[in-house]
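Data first, discussion second: the structure below is written as structure tokens.
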Amino acid sequence: AQKITQTQPGMFVQEKEAVTLDCTYDTSDQSYGLFWYKQPSSGEMIFLIYQGSYDEQNATEGRYSLNFQKARKSANLVISASQLGDSAMYFCAMREGPNFGNEKLTFGTGTRLTIIP
Amino acid sequence: GAGVSQTPSNKVTEKGKYVELRCDPISGHTALYWYRQSLGQGPEFLIYFQGTGAADDSGLPNDRFFAVRPEGSVSTLKIQRTERGDSAVYLCASSNRDRGGRNEQFFGPGTRLTVL
Chain F
1155 AQKITQTQPG
1165 MFVQEKEAVT
1175 LDCTYDTSDQ
1185 SYGLFWYKQP
1195 SSGEMIFLIY
1205 QGSYDEQNAT
1215 EGRYSLNFQK
1225 ARKSANLVIS
1235 ASQLGDSAMY
1245 FCAMREGPNF
1255 GNEKLTFGTG
1265 TRLTIIP
Chain Z
9 GAGVSQTPSN
19 KVTEKGKYVE
29 LRCDPISGHT
39 ALYWYRQSLG
49 QGPEFLIYFQ
59 GTGAADDSGL
69 PNDRFFAVRP
79 EGSVSTLKIQ
89 RTERGDSAVY
99 LCASSNRDRG
109 GRNEQFFGPG
119 TRLTVL
């Protein structure tokens, strides 16, 4: 089974609208971390937001928020007031196990977001 | 401050040749990671260093792949007898484990390897 599933290969959104990028995950660990990264056409992966499995509140970082539904094993990224510069590939990733000793990230296949002016 | 740097940015080689890819992590970061990203896919984990030692090399696809980090800073990914299927973007990342909590990984721009 896929550990990280991103079901939206591509999305088109009007500028200034909010957008939700879906991510579901599969793990039997109680302790894990979820990440979202942005990859512009330049290729560099840019960290956006993190959610720990024990965090009770949804993470927020500026215009980014993470809609964490633990029972459903989903960690959707919400971008408010989208901008043209948000056009990029977005990857959801998971680190299984506690923070130290289990460092590798498992990535999904990504969603290509295109913001329309 | 300087981010993660990788050299070369592009490498074209012929099948069967040996290649080395270099990664300079962010200064002070003790953890270093290598990932491989094929076209249309997310990055796939190859190996992780904590200091000079490889703490997890479970992602290396076979014994043609090897990585070192002799002084706990710069790392080199070495691929012997390259095959066309090795063509991909090789990404390096580093993190500061002392930070605790999220330990987010900071990625370099990648090396695009093409094996003809």
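From first to last, the protein sequence lines stand for chains F and Z. Converting from the first sequence to the working numbering requires adding 1154 to each position, the first position being numbered 1. Converting from the second sequence to the working numbering requires adding 8 to each position, the first position being numbered 1. Every residue gets a Cβ at the ideal spot worked out from N, C-alpha and C, and that includes glycine.
DSSP, reduced to helix, strand and coil, places F:G1187 within a strand of the structure shown. Note on geometry: alpha-carbon atoms of Z:G80 and Z:N104 lie some 13 Å from one another. For Z:R44, the three-state secondary structure derived from DSSP is strand. Residues of chain F whose Cβ lies closer than 9 Å to the Cβ of Z:L85 do not exist, since the nearest Cβ in that chain is about 15 Å away. The beta carbons of F:K1258 and Z:G50 sit no closer together than 8 Å. Measuring C-alpha to C-alpha distances from Z:T90 to each of Z:S17, Z:E22 and Z:P16 identifies Z:E22 as the nearest. Chain F places no beta carbon closer than 8 Å to that of Z:P16, leaving this residue out of the contacts.
Annotated as distal: F:A1242 and F:F1261, with beta-carbon spacing of 8 Å or more. Contact with chain Z is found for F:E1198, since one of that chain's Cβ atoms lies less than 8 Å from the residue's Cβ. Annotation for F:Q1211: no beta strand (DSSP E) segment contains it, and DSSP assigns it neither H nor E. In the structure shown, F:G1239 adopts helical secondary structure according to DSSP, grouped into three states.
Counting C-beta pairs with one atom in each stretch, the stretch 1187-1205 of chain F and the stretch 1221-1237 of chain F have three or more that are closer than 8 Å, which means they touch. The beta carbons of F:E1169 and F:I1270 sit closer together than 8 Å. Around the C-beta of F:E1215, fewer than 16 other C-beta atoms lie within 10 Å, and the residue is accordingly described as exposed.
Not flagged as an interface residue toward chain F: Z:F74, since no C-beta distance is shorter than 8 Å.
Taking CB atoms only, F:T1161 has no neighbour in chain Z less than 8 Å away.
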